[in-house]
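Colleague:
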Amino acid sequence: MEPVVVKTTAYEGQKPGTSGLRKAVKVFQQPNYTENFVQAVLGAVQPSATGSTLVVGGDGRFFCAEAVDVIIKIAAANGVKKLIIGHKGILSTPAVSCIIRKYKATGGIVLTASHNPGGPNNDFGIKYNTANGGPAPESVTNAIYELTKNITSYSIVPDLKCSIEYCGLQYFKVSGKEFEVEVIDSVVDYLQLMKSIFDFDVIRKLIQGSNNKAPFNILIDSMNGVTGPYVKKIFIEELCAPSNSAINVVPLTDFGGIHPDPNLTYAFGLVKALQEGEYDLGAAFDGDGDRNMILGKKAFFINPSDSLAVLANNLEYIPYFKLNGVRGFARSMPTGAAVDRVAAKQGKELFEVPTGWKFFGNLMDAGRLSLCGEESFGTGSDHIREKDGIWAVLAWLSVLANTGESVETILTNHWKTFGRNYFTRYDYENCESEPSNQLMSDLEKKVTDPAIKGQKFIYGSKVYVFKQADNFEYCDPIDKSVTKKQGIRVLFEDGSRFVFRLSGTGSSGATIRLYAESYEPPTSNILEDAQVALNPLIQIALEISKLVQFTGRTSPTVIT
């Protein structure tokens, strides 16, 4: 077969964000829209010059199968040597990272809009991961974007028919050269990696019950996303949990109408089931499997910032870290600072980075980071270069199995040792872009005005004295790249803070995120409801930002 050159016209706005290009499905379905972007990705990484191998897979959402077909045909025309594709196009984002690293692939193309809803009237996304298994850095995404702005043609092999319905090797001759497609089991490589990290025997004994201990009941919700096959294989078949311990395990193109974001609002089915008290641990994952939510008995909620800190303090219970040691810890800037206290106690480096997993990857590749997390339900380690939902649950089960304590006891004991960083996040989704940008601009001017220093803000009995503010800027200690305007931070003299960010993970409009955090020492009030404890700070943040006036929103879409 021979490639065909198809003339095309550039589309505006194909700029990849922190997690690739995310748009409504209908945008990707426009003539040549997907083809243009895939051609730009391949143009930026120049596969014909390297004889490259690329991994391809996604979360199974609507338009995934069509996008895989486009990628195969354009990859063949652009000199890619081999594609490794998940069975039926299914690969979790952590699995893509695992496979890239295991088989030393050139990179990978991930088809997902993560935690955004799926279906013909919702969202789709394409993300490129580099050879380390992590999201492409800005140098690559900028190169892709520049190519999308000026593209006039793409190369494709329109007659190439490649089935992804069964596993195995398929060979094609394109321009006299061999082009290979290997369709692989979506779960096997990832399962092998998890078995090398955790002691499955110890976790299995916890779940089944042993030494006169009752079985430890778990409930895992895949939210009809990509993790279904992984959950069935790992938790049901390997760890011998009862079959009814896993729900919503069939990946559906529209996630069965579920919003696949694992939080207390959208995973309400799991929350309700845990509230009844039958289960000792509950967990939910997002569409592509990189985010997680952990609940204890009676739906006791583990804030992701606390989850990161607890795992950091208990890594000796995970064989991987016993073997490889523990280097530094890191969190995204908006994430609560609970892990900072663990790092200080252990004498480990602590890094505060912008939102986006690629910033952790540089530190991991340099051997300075072992464990990291984001408040947006992302937790992971240097075993791959993506956040990893299933890994986080296995890590918690390892701690639970070795300590013999409940989820709630582990967390409350942690607070009694380190104190508690009360933390919450308010999401205002699908706001109008212009007033949202104006809010951020006006807020930055207000809080960086020297006259505001020392000013008192009062709500009820709480008094907050303004200390300092900035728009977060990060200089990467490895490659010295500088990332600016990552969120407006306002810090008060008692250590309380709030942060405003515009999210880059939506497909349309703007999502304003408000983060609030305050610290209470171990001897103080550490058992208050977080929303009650933080309400005064939230009200001050809303007053200073004038959010209601700018957006017309009197309440957030989601509270975490």
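Taking our numbering, the leading residue of the sequence shown gets 42, the next gets one more, and so forth.
For each residue, glycine too, the CB sits at the ideal point set by N, CA and C.
Note that the structure is a prediction, hence the values are computed from the model and not measured.
#1: Where do the ends of the beta strand (DSSP E) carrying V45 lie?
#2: Looking at Y195 and the ligand MN, is the gap between the Cβ and the nearest heavy atom below 6 angstroms?
#3: Which of the three DSSP states, helix, strand or coil, is assigned to I425?
#4: List the whole-angstrom C-beta distance separating L315 from K339, where the pair is believed to meet the contact cut-off of C-beta under 8 angstroms.
#5: In its own chain, which residues sit with a C-beta less than 6 angstroms from the C-beta of A12, not counting the 5 before and 5 after it?
#6: Counting along the chain, where does the alpha helix (DSSP H) carrying K497 start and finish?
#7: For T376, collect the residues of the same chain with a Cβ closer than 6 angstroms to its Cβ; drop the 5 residues on either side in sequence, then sort them by chain order.
#8: Return helix, strand or coil for Y169, following the three-state DSSP convention.
#9: Do the stretch 281-289 and the stretch 213-225 meet, that is, are 3 or more Cβ pairs less than 8 angstroms apart?
#10: Can you name the residues that DSSP bridges to P176?
#11: Please report the distance separating the alpha-carbon of L152 from that of K246.
#12: How would you write the range of the alpha helix (DSSP H) that Q87 sits in, first residue to last?
#13: At 3 residues or longer, what runs of the beta strand (DSSP E) sit wholly inside the stretch 432-518?
#14: CA-CA distance, K389 and D381?
#15: Buried or exposed: where does S263 fall if 16 or more other Cβ atoms within 10 Å of its Cβ makes it buried?
#16: For C413, count neighbouring Cβ atoms within 10 angstroms of its own Cβ and tell me buried if that reaches 16, exposed if not.
#17: Report yes or no: is there a C-beta of chain C within less than 7 angstroms of the C-beta of V97?
#18: In the DSSP assignment, find the unbroken alpha helix (DSSP H) run with T134 in it and report its ends.
#19: Using the Cβ count rule (16 or more neighbours within 10 Å means buried), how would you classify V46?
#20: Pairing CB atoms from the stretch 429-446 with CB atoms from the stretch 526-537, are three or more of them under 8 angstroms?
#21: When you compare each of G397, I197, A571 and G408 to S39 by their alpha carbons, which one comes out closest?
#22: Return yes when the Cβ of G330 is within less than 7 angstroms of the Cβ of S559, no when it is not.
#23: What is the residue span of the beta strand (DSSP E) that Y361 lies within?
#24: Whose CA, out of R461, T450 and C105, lies closest to the CA of K67?
#25: Along the beta strand (DSSP E) that carries D262, what are the first and last residues, could you check?
#26: Counting along the chain, where does the alpha helix (DSSP H) carrying E219 start and finish?
#27: I need the straight-line Cα distance from T592 to E473, nearest angstrom please.
#28: Do the stretch 575-582 and the stretch 490-510 meet, that is, are 3 or more Cβ pairs less than 8 angstroms apart?
#29: Sort out for me which residues DSSP pairs Y195 with in a bridge.
#30: Just how far apart, CA to CA, sit N252 and D240?
#31: May I ask which residues mark the beginning and end of the beta strand (DSSP E) holding T552?
Modeller: Reading it off the structure:
#1: Where V45 is concerned, the enclosing beta strand (DSSP E) stretches over V45 to K48.
#2: The ligand MN is not among the ligands present in this structure, which contains no ligands whatsoever.
#3: Under the three-state reduction of DSSP, I425 is assigned to coil, being neither helix nor strand.
#4: Indeed they touch by this definition, with Cβ atoms about 7 angstroms apart.
#5: Residue 12 is absent from the model: the chain starts at 42 and stops at 601.
#6: Taken as a continuous stretch (DSSP letters only), K497 belongs to no alpha helix (DSSP H), being part of the beta strand (DSSP E) at K497 to Y500.
#7: The residues S346, E415 and E416, in chain order, have a CB closer than 6 angstroms to that of T376 in the same chain once the five nearest residues on each side in sequence are set aside.
#8: In this structure, DSSP gives Y169 an extended state, which the three-state scheme calls strand.
#9: Contact fails: fewer than three Cβ-Cβ distances are below 8 angstroms.
#10: P176 pairs with N170.
#11: Computed Cα separation, rounded: 36 angstroms.
#12: Looking at the DSSP string, Q87 is not in any alpha helix (DSSP H), and its letter there is neither H nor E.
#13: If only uninterrupted beta strand (DSSP E) runs of at least 3 residues are considered, those enclosed by the stretch 432-518 are 461-472, 497-500 and 503-512.
#14: The straight-line gap from Cα to Cα measures roughly 9 angstroms.
#15: Flag for S263 reads buried.
#16: Taking a 10 Å sphere around the C-beta of C413, we find 16 or more other C-beta atoms and assign the residue as buried.
#17: The displayed structure is made up of one protein chain only, and chain C is not part of it.
#18: In the DSSP annotation of this structure, the continuous segment of the alpha helix (DSSP H) that includes T134 starts and ends at T134 to K143.
#19: Answer is exposed; the Cβ neighbour count stays below 16.
#20: No, the stretch 429-446 does not touch the stretch 526-537.
#21: The shown model of the chain, from 42 to 601, leaves out residue 39, and the question about it has no answer.
#22: Taking 7 angstroms as the Cβ cut-off, S559 and G330 do not qualify as a contacting pair.
#23: No beta strand (DSSP E) holds Y361; the alpha helix (DSSP H) holding it covers P360 to N365.
#24: Proximity to K67 across R461, T450 and C105 peaks at C105, based on C-alpha coordinates.
#25: Note, D262: beta strand (DSSP E), I259 to D262.
#26: Per DSSP, E219 belongs to no alpha helix (DSSP H); it is in the beta strand (DSSP E), K218 to I225.
#27: Straight-line Cα distance between these residues: approximately 7 angstroms.
#28: Contact between the stretch 575-582 and the stretch 490-510 is present, because at least three Cβ pairs lie under 8 angstroms.
#29: Partner(s): V47.
#30: Near 18 angstroms, if we compare the C-alpha coordinates of D240 and N252.
#31: Run containing T552: A551 to E561, per the beta strand (DSSP E) assignment.
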